[in-house]
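Numbering-wise, the sequence shown is residues 26 to 343 according to this note's numbering.
What follows is a short report on a single structure.
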Amino acid sequence: MSVLYLREEDIEALLSMQDALVAVEQAFRALGMGDARNQPRRRIQLPHSMLNVMPAGWASRGYLGFKYYTVGSQGIRFWVHLLDADTGALLAVMQANRLGQQRTGAASGVATTFLSRPDSTTVGIIGTGWQAESQLQALCGVRPIRTVRCYGRDRARRQIFAKTMSSRLGIDVHAVDSAKEAVQKADVVVAATASSEPVILGKWLQPGCHVNAMGANRIDARELDDDVIRRSTLITVDSVEQAKLEAGDLVQPIEKGFLSWERVREICDVVSGKVHGRTADDEITVFKSLGIAIEDVAAAALVYEKARHEHVGTELPL
């Protein structure tokens, strides 16, 4: 037998944002209906390195898989292994940096489809890094976005980001001088930072906005202040089980006593129709994205099938 090996350049050619949006929405629906299974990220830390492992399976599609990534002296390395759910055979090994970026953006895009107002046209984004790029790309794929205000601490970097994304997306992306200026009057707000302290304050949010927070995945890190949580009528996550381990944005308010896990819904239940999404134009909604394994397996399955059809990749004899 042989295993298909796909490099970053293969993923780049095979996985468009529109493909990722479709794959992740289907995966969330399958998860909500019980057709897919997901396990939270597990971490093993050594003094100077860390291993993260994330498994999932999708019964009707016939796939099992897992992403693992290491943090070490030479940076972060991402890989996905895709397996045949029936035989257990290894089907593909993929470099997964680009795949992870696309599926993370797509998860926010799917949440925005179900939680934001359909007439949302303005975005405020905090963070101007690599992940912020796919966040904007996904939002433009699901809503008629016309204007984006971006803020990051580095002035030169946020100006470059604005120019690059304006050209890439064909919309007005403006660099602004404060997080408050980016967030106020935005229909959709995105936090895509490495900050451990809140970068979005609830008092800045206009009624009816939707918030995607995807940067912080540690108990001791937050991107949203308490008032964001207090003002939100619907709070969703990609996995409650994983949120209990990683979402400081939710765990800390729960420890303070003004939020309970009973109020936190999984986005898969919204997508599958088990839970109502937005019910009023003036609601403030939140999607706390941690990044879960079924997103990776869904994207990897799509890439694998396209690669086989288009004869892309390298066969590895095993």
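Beta carbons: idealized from backbone N, C-alpha and C, even for Gly.
All values derive from a computational prediction rather than experimental measurement.
- For Arg102, the number of other beta carbons within 10 angstroms of its own is below 16, and it is reported as exposed.
- With fewer than 16 neighbouring CB atoms inside 10 Å of its own CB, Pro143 falls in the exposed class.
- A distance of 8 Å or more separates the beta carbons of Cys234 and Val215.
- Taking every protein chain shown into account, the CB of Met119 has 16 or more other CB atoms within 10 angstroms, so this residue is buried.
- Note: Met75 is bridge-paired with Gln70 and Val96 in the DSSP secondary-structure output.
- Counting the other Cβ atoms within 10 Å of the Cβ of Met75 gives fewer than 16, which makes it exposed.
- Under DSSP, Asn237 forms a beta bridge with Val215 and Phe312.
- Val236 is positioned such that its CB atom lies closer than 8 Å to that of Ile225.
- At the C-beta level, Ala187 and Cys175 come within 8 Å of one another.
- Contact between Gln267 and Ile317 is confirmed by a C-beta separation of about 6 Å, below the 8 Å threshold.
- Thr172 and Arg123 have their C-alpha atoms roughly 26 Å apart.
- By the neighbour-count criterion, in which a residue is buried when 16 or more other Cβ atoms sit within 10 angstroms of its Cβ, Trp83 is buried.
- CA-to-CA, the gap between Gly302 and Ser98 works out to about 43 Å.
- Secondary structure note for Gly149: its beta strand (DSSP E) is the uninterrupted segment Thr147 to Ile151.
- Contact between Ser257 and Asn63 is absent: CB atoms are separated by about 24 Å, not below the 8 Å threshold.
- Shown here, Gly82 sits in a strand according to DSSP, grouped into three states.
- Membership of Pro223 in any beta strand (DSSP E) is not indicated, and neither H nor E is assigned to it by DSSP.
- In its chain, beyond the 5 residues on either side, Ala157, Gln160, Leu161, Val173, Cys175, Ala207, Val215 and Ala217 have a beta carbon closer than 7 Å to the beta carbon of Ile150.
- If you draw a 10 Å sphere on the C-beta of Ala181, you find fewer than 16 other C-beta atoms in it, and that means exposed.
- Contact between Tyr88 and Leu108 is confirmed by a C-beta separation of about 7 Å, below the 8 Å threshold.
- Pairing Ala45 with Val322 gives a Cβ-Cβ distance that is not under 8 Å.
- Secondary structure note for Met119: it is in no alpha helix (DSSP H), and the uninterrupted beta strand (DSSP E) holding it is Leu115 to Gln120.
- Positions of the alpha helix (DSSP H) runs, each at least 4 residues long and wholly inside the segment 129 to 193, are given as 155 to 167 in order along the chain.
- By the 16-neighbour rule on beta-carbons within 10 angstroms, Trp155 is exposed.
- When only Cα atoms are considered, Asp111 and Ser192 end up about 45 Å apart.
- For the set Asp306, Val262, Ile69 and Glu280, the Cα lying nearest the Cα of Val300 is the one of Val262.
- Inter-segment contact for the segment 131 to 140 and the segment 303 to 316 is present: three or more beta-carbon pairs are separated by less than 8 Å.
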